[in-house]
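Notes follow once the structure below has been shown.
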Amino acid sequence: MPMSPHRHNSPPIAASAGVSRQEFSPEERTLLLRLAHDSICTALEKREIPFDPPTPHLAEPRGAFTTLYLGGELRGCVGYVLPTCPVNRAVAETARAAAFEGNRFPHVTQEEAAHLTIELSILSPAQAIRAEEIEIGRHGLLISHHGRRGLLLPQVPVERAWDRKTFLEQTCRKAGLPADAWLTGASIAAFTAEVFGEKEV
84 MPMSPHRHNS PPIAASAGVS RQEFSPEERT LLLRLAHDSI CTALEKREIP
134 FDPPTPHLAE PRGAFTTLYL GGELRGCVGY VLPTCPVNRA VAETARAAAF
184 EGNRFPHVTQ EEAAHLTIEL SILSPAQAIR AEEIEIGRHG LLISHHGRRG
234 LLLPQVPVER AWDRKTFLEQ TCRKAGLPAD AWLTGASIAA FTAEVFGEKE
284 V
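Under the numbering used here, think of the first position of the sequence shown as 84, with each following residue one higher.
Below, the structure is given as structure tokens:
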């Protein structure tokens, strides 16, 4: 079973802000965005949707974040940090979680569902990295220490104008660790995120 969804407070920004190439084709992007919508609508109708991956690529385990907007305003954002299930299932489950399980917003209603705009962030597997190798705008961070874990997406330091040191410190704080934990034994891993939404399709 996938881990509990991870709530992220900062909405994704422009597509491909944290990735060096486009991995998902326009057809795959359209399919995943439609799946996110269908997952929310079928939940409201108390129906299930099939989780069989339509292509081998979409069967690959990936972390994913689904961000919902309504009238241009953030309406929910939930993600799976780790690649514990196929990307198509991760999108479907995080879309439902963003609509109905987030603690910052009321549940999405049937009327709202028809007007939602969805943006997806598909994460690459996280890999260990040295602090000096981190590239702002390309890498997201996952910092772990003593059972605590904090994650920030690649676009966060861009939208907040952070340098590398601040990015590391803030990811430590997200984990509930001292800001300098990245210097005192915490493990640092990096990932990229391919970000796309309906305005780009």
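A virtual CB, placed ideally from N, CA and C, is assigned to each residue, including glycine.
In this text, all values refer to a predicted model and were calculated from it rather than measured experimentally.
Nearest neighbour of Gly230 by Cα position, chosen from Ala269, Asp135, Arg247, Val241, turns out to be Ala269. Restricted to the segment 172-240, the beta strand (DSSP E) segments that are unbroken, complete and at least 3 residues in length are 199-206, 223-228, 231-235, listed in chain order. Taking C-beta separations shorter than 7 Å and ignoring five residues to either side along the sequence, the partners of Pro144 in its chain run Pro166, Thr167, Cys168, Pro169, following chain order. Around the CB of Pro237, 16 or more other CB atoms lie within 10 Å, so the residue is classed as buried.
With a beta-carbon spacing of about 7 Å, Ala147 and Leu203 fall inside the 8 Å limit used to define contacts. For Thr149, the enclosing beta strand (DSSP E) covers residues 147-153.
In the DSSP annotation of this structure, the continuous segment of the alpha helix (DSSP H) that includes Phe250 starts and ends at 247-257.
When DSSP states are grouped into helix, strand and coil, Ala273 belongs to the strand group. Membership of Arg117 in any beta strand (DSSP E) is not indicated; the residue belongs instead to the alpha helix (DSSP H) covering 109-127.
By the neighbour-count criterion, in which a residue is buried when 16 or more other Cβ atoms sit within 10 angstroms of its Cβ, Thr149 is buried. Counting of Cβ neighbours within 10 angstroms places Glu277 among the buried residues, the total reaching 16 or more.
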